[in-house]
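J.:
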Amino acid sequence: MQKAAIVILNYNGEETLRRFLPSVLQFSVYPVYVADNASTDSSLDFLKSNYPNVHLIALDFNFGYAGGYNQALEQIKGEFEYYILLNSDVEVTAGWDVGLVTYLDDKPNVAGVQGKILSYQCPKYFEYAGAAGGFIDNFGYPYCRGRFFETLEEDLGQYDDEISVDWVSGACMAIRAELFHKSGGFDASYFAHMEEIDWCWRLRREGYTFRYVSNVNVYHMGGATLSHANPKKTYLNFRNNLATLKKNLSGSTWEKVYVLRVFLDALASINFLLKGGVKHAVMVFKAHRDYGKMISLPINPIKGDIKGNGRVKCLLWDYYIRGKKRYSEI
Numbered sequence: 004m005q006k007a008a009i010v011i012l013n014y015n016g017e018e019t020l021r022r023f024l025p026s027v028l029q030f031s032v033y034p035v036y037v038a039d040n041a042s043t044d045s046s047l048d049f050l051k052s053n054y055p056n057v058h059l060i061a062l063d064f065n066f067g068y069a070g071g072y073n074q075a076l077e078q079i080k081g082e083f084e085y086y087i088l089l090n091s092d093v094e095v096t097a098g099w100d101v102g103l104v105t106y107l108d109d110k111p112n113v114a115g116v117q118g119k120i121l122s123y124q125c126p127k128y129f130e131y132a133g134a135a136g137g138f139i140d141n142f143g144y145p146y147c148r149g150r151f152f153e154t155l156e157e158d159l160g161q162y163d164d165e166i167s168v169d170w171v172s173g174a175c176m177a178i179r180a181e182l183f184h185k186s187g188g189f190d191a192s193y194f195a196h197m198e199e200i201d202w203c204w205r206l207r208r209e210g211y212t213f214r215y216v217s218n219v220n221v222y223h224m225g226g227a228t229l230s231h232a233n234p235k236k237t238y239l240n241f242r243n244n245l246a247t248l249k250k251n252l253s254g255s256t257w258e259k260v261y262v263l264r265v266f267l268d269a270l271a272s273i274n275f276l277l278k279g280g281v282k283h284a285v286m287v288f289k290a291h292r293d294y295g296k297m298i299s300l301p302i303n304p305i306k307g308d309i310k311g312n313g314r315v316k317c318l319l320w321d322y323y324i325r326g327k328k329r330y331s332e333i
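Under the numbering used here, the first residue of the sequence shown carries the number 4, and numbering increases by one thereafter.
So this is what it looks like as C-alpha cells:
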C-alpha cells in the first residue's frame, strides 16, 4: 500500500488548474490525482496535454464536492493509507504534504489534520474556509480561529500552535483513507458545503479527534466553483448545517436548538433583506423547508452529545452584541 494520494476535485476549472496546479506539482512528494466532475470545458484535454503525470479520474456526472470525492476515492480504495483532499484553487508551499502525513503517522487516534489556511489574495490574512482550525458553537454555527463570519484576522502568529478542532477544512485536509471508507464517506445528499463538518462530527462521535497544525501553510483563493454572492451557496450552507445538527445531536438537544435556530435564522434573513439580498433571504427559508428531506448515512445511535473544542458558545451573541470579532478576544 502506498503512503498518500493528493486528490483534487475539478469542475470546469481549467483556468484555476492553470494557475494553481504548478505549485502542487512543484512542492508535493505524493502522487497527484485530479477527479473531474464531468466538466464541460476543456479541463481534461488541458491536463492530458500538459500534465501527463497527473492521474485522471473522469466521472460521468457532476456529483458535487461530497459525491464527487466519494466516487473518486472509491476508485482508488485500498491503494493508499492517507488521502489529502485539496481544492483546485489552493497554492501550496514546500513540505506541505509531508508535514500533514507525518503528523498522522505519529498520531494514530487523529482522523484528520489541516494546516494554516491563508488568503491567496491577501497572504497576510487568514482565509474564510478553515483559517486556523474549525469549530461549532452551541447553536450549530461554524466558525474558525482567524475568521468570525466575514471578519478575517491578520496572521500575526497568534495561532502558531497545535490544537484539537471540531472540524478540518475540505479546502486542504489529510485524512485516514480506511476511516473515510469505513464511515461511508461524505453524505452525498449535501452536494457541496459542510460535508466535511458532518463527516468530522460523525468521526468525533466515534472517539476520533481532528487537529490543526501551524507548521503547514497553504493559500486558498476561495469561491472558485461557487461564489459567496451566489444564493445557491447560502441555500446549501443553511440547509446542510441544519441537516448536520439533526444527524449529530441527540433528539432532545436538537429540538431545543432548532427552536432557537428558527428565530436566529429569521434574523439572518432580515439581515440579508436589509442588505438587498432578497434571493439570499428566500434561500434561508427554503433551507428550513428542505433539510429534513436529505438522506442520512447509517451511524451508531446517538447516546449523548459530544463537547466541542472551541471557546465560543453563541457566535451571534459574541459577534453582534458583545462586539467580539476575533477568537482571541473570547
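Glycine included, every Cβ here is placed at the ideal spot set by N, Cα and C.
(1) From the DSSP output, which residues share a beta bridge with Thr154?
(2) To the nearest angstrom, how far is it from the Cα of Pro111 to the Cα of Phe183?
(3) Under a Cβ-count criterion, where at least 16 other Cβ atoms within 10 Å of its own Cβ denotes burial, should Cys203 be classed as buried or exposed?
(4) Tell me the rounded alpha-carbon separation between Ile9 and Ser26.
(5) Which residue from Arg292, Ala232, Phe189 and Arg148 puts its Cα closest to that of Gln117?
(6) So what does DSSP say about Ala1, is it helix, strand or coil?
(7) Compute the beta-carbon to beta-carbon distance between Asp92 and Phe23, rounded to the nearest angstrom, for a pair I have assumed lies under 8 Å.
(8) If you count every other CB in all the chains shown that lies within 10 Å of the CB of Ala75, and 16 or more means buried, which is it?
(9) Once DSSP output is grouped into helix, strand and coil, what is the label at Asn218?
(10) Cutting at 8 Å between CB atoms, please list the residues of its own chain near Ser31, excluding the five before and the five after it.
(11) What runs of the beta strand (DSSP E), each 3 residues or longer, lie entirely inside the stretch 103 to 150?
(12) DSSP three-state call for Thr212: helix, strand or coil?
(13) What is the DSSP secondary structure of Leu252, reduced to helix, strand or coil?
(14) For Arg214, count neighbouring Cβ atoms within 10 angstroms of its own Cβ and tell me buried if that reaches 16, exposed if not.
(15) Given that a residue counts as buried once 16 or more other Cβ atoms are within 10 Å of its Cβ, and exposed if not, what is Leu20?
(16) Short check: CB of Ser52 to CB of Asn15, under 8 Å?
(17) Could you tell me how far apart the beta carbons of Gly115 and Met176 are, in whole angstroms, since I believe they sit closer than 8 Å?
(18) Quick check on the burial criterion: 16 or more other C-beta atoms within 10 angstroms. Buried or exposed for Asn243?
(19) Please report the straight-line C-alpha distance between Leu245 and Phe64, rounded to a whole angstrom.
(20) Taking a contact to mean a Cβ-Cβ separation below 8 Å, would you say Ala191 touches Ala69 in this structure?
T.: This is what the structure gives:
(1) Here residue 154 corresponds to residue number 151 of the sequence shown, with the count starting at 1. Beta-bridge analysis with DSSP links Thr154 to Phe151.
(2) The residue given as residue 111 occupies position 108 in the sequence shown. The residue given as residue 183 occupies position 180 in the sequence shown. The alpha-carbon of Pro111 is positioned some 14 Å away from that of Phe183.
(3) For the purposes of this step, residue 203 is identified with residue 200 of the sequence shown, where counting begins at 1. By the 10 Å Cβ count, Cys203 comes out buried.
(4) Looking up residue 9 in the sequence shown gives position 6. Looking up residue 26 in the sequence shown gives position 23. Roughly 13 Å between the two C-alpha positions.
(5) Here residue 117 refers to the residue found at position 114 of the sequence shown. Answer by Cα proximity: Arg148.
(6) Nothing can be reported for residue 1, as the shown portion of the chain is limited to 4 through 333.
(7) For this step, residue 92 is matched to residue 89 along the sequence shown. For this step, residue 23 is matched to residue 20 along the sequence shown. Asp92 to Phe23, Cβ: 6 Å. Contact.
(8) Taking the sequence shown and counting its residues from 1, one reaches residue 75 at position 72. Ala75 comes out buried.
(9) For the purposes of this step, residue 218 is taken as the residue at position 215 of the sequence shown. In the structure shown, Asn218 sits in a strand (DSSP, three-state: E or B).
(10) Counting from one through the sequence shown, the residue named residue 31 turns up at place 28. The residues Ile9, Val95, Trp99 and Asp100, in chain order, have a CB closer than 8 Å to that of Ser31 in the same chain once the five nearest residues on each side in sequence are set aside.
(11) Within the stretch 103 to 150, the complete beta strand (DSSP E) runs of at least 3 residues are 113 to 122, 137 to 139 and 145 to 147.
(12) Sequence index remark: in the sequence shown, residue 212 carries index 209 (1-based). Three-state result, Thr212: strand.
(13) On the sequence shown, residue 252 is found 249 positions in, with the first residue counted as 1. Three-state result, Leu252: coil.
(14) Here residue 214 refers to the residue found at position 211 when the sequence shown is read from its first residue. Buried: at least 16 other Cβ atoms inside 10 Å.
(15) On the sequence shown, position 17 is the one that residue 20 refers to. Its Cβ being crowded by 16 or more others within 10 Å, Leu20 is buried.
(16) The sequence position of residue 52 within the sequence shown is 49, counting from 1. The sequence position of residue 15 within the sequence shown is 12, counting from 1. Cβ atoms of Ser52 and Asn15: not closer than 8 Å.
(17) By 1-based counting over the sequence shown, the position of residue 115 is 112. By 1-based counting over the sequence shown, the position of residue 176 is 173. Confirmed, about 5 Å.
(18) Residue mapping note: residue 243 aligns to position 240 of the sequence shown, counting from 1. Around the beta carbon of Asn243, 16 or more other beta carbons lie within 10 angstroms, which makes this residue buried.
(19) Here residue 245 is taken as the residue at index 242 of the sequence shown, counted from 1. Here residue 64 is taken as the residue at index 61 of the sequence shown, counted from 1. Cα to Cα, Leu245 sits roughly 26 Å from Phe64.
(20) Position 188 of the sequence shown, counting from 1, holds the residue named residue 191. Position 66 of the sequence shown, counting from 1, holds the residue named residue 69. Judged by their CB atoms, Ala191 and Ala69 are nearer to each other than the 8 Å cut-off.
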